[in-house]
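Numbering (UniProt numbering), first residue to last: 1 to 149.
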Amino acid sequence: MKVLLIYSSIHHGNTEKIAKAMGESINADIIETRNLKINTLNEYDLIGFGSGIYYGKLHKNILELIDKLPTLSNKKVFVFSTSGQGKTKYNDFVEQKLKEKGFNVVGSFACKGYDTFGPFKLIGGIAKGRPNDEDFQNAKDFAKKLMSL
Numbered sequence: 001m002k003v004l005l006i007y008s009s010i011h012h013g014n015t016e017k018i019a020k021a022m023g024e025s026i027n028a029d030i031i032e033t034r035n036l037k038i039n040t041l042n043e044y045d046l047i048g049f050g051s052g053i054y055y056g057k058l059h060k061n062i063l064e065l066i067d068k069l070p071t072l073s074n075k076k077v078f079v080f081s082t083s084g085q086g087k088t089k090y091n092d093f094v095e096q097k098l099k100e101k102g103f104n105v106v107g108s109f110a111c112k113g114y115d116t117f118g119p120f121k122l123i124g125g126i127a128k129g130r131p132n133d134e135d136f137q138n139a140k141d142f143a144k145k146l147m148s149l
């Protein structure tokens, strides 16, 4: 199975670290949103979209990319994110956008990541030291499970 991980990792590199952990575990191609050539998406059997969370949603680079995507009926996709809270509920908006484009959303992953965005900066950030080894292992395990779909 040929897999592509598309990510946007802006502040601390948390999402890039998770993308690399997933990618290494399943031999996936990894690319930042700004370097993606949309016409290459048909080459892949499974595509992951990931970023940090900003105001409850994935980064605008991911949202704008999804808006530009053609309808790719039943193409398998998943969403991954990092945030101070590490909750998959933040992936829901992007999952819905992908479904509206005809994609088959097969999974969602989230973990904590060091976060100094907005008010968290005032207190020195939250989720320091994250993602950690356990987060990386969870990301790898999640990616491996997707390979059996």
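The beta-carbon is built from N, C-alpha and C at its ideal position, and this holds for glycine as well.
Bridge-paired residues (DSSP) for residue i
i	result
Leu46	Val3, Lys76
Lys57	Tyr54
Gly107	Phe78
Residue span of the alpha helix (DSSP H) that contains residue i, given as start and end
i	result
Ser25	14-26
Asp29	First-last for Asp29: 29-32, but that is the beta strand (DSSP E), not the alpha helix (DSSP H).
Ile139	The sequence shown places Ala at residue 139, rather than the Ile named in the question. Here the alpha helix (DSSP H) through Ala139 covers 133-146.
Extent of the continuous beta strand (DSSP E) to which residue i belongs
i	result
Phe93	No beta strand (DSSP E) holds Phe93; the alpha helix (DSSP H) holding it covers 92-100.
Contact under 8 Å by Cβ, residue i with residue j
i	j	result
Ile18	Phe93	no
Phe142	Gly107	yes
Thr15	Gly50	yes
Phe117	His11	yes
Ile47	Lys68	no
Ser8	Thr33	yes
Own chain partners of residue i with C-beta closer than 6 Å, once the 5 adjacent residues on each side are dropped
i	result
Ile30	Leu5, Ala19, Gly23
Lys57	Phe93
Cutoff 7 Å; reference residue i; Cβ partners in own chain excluding five residues on either side
i	result
Lys2	Glu43, Tyr44, Asp45
Min CB distance residue i to chain B below 8 Å
i	result
Asn27	Note that chain B does not occur in the displayed structure, where there is just one protein chain.
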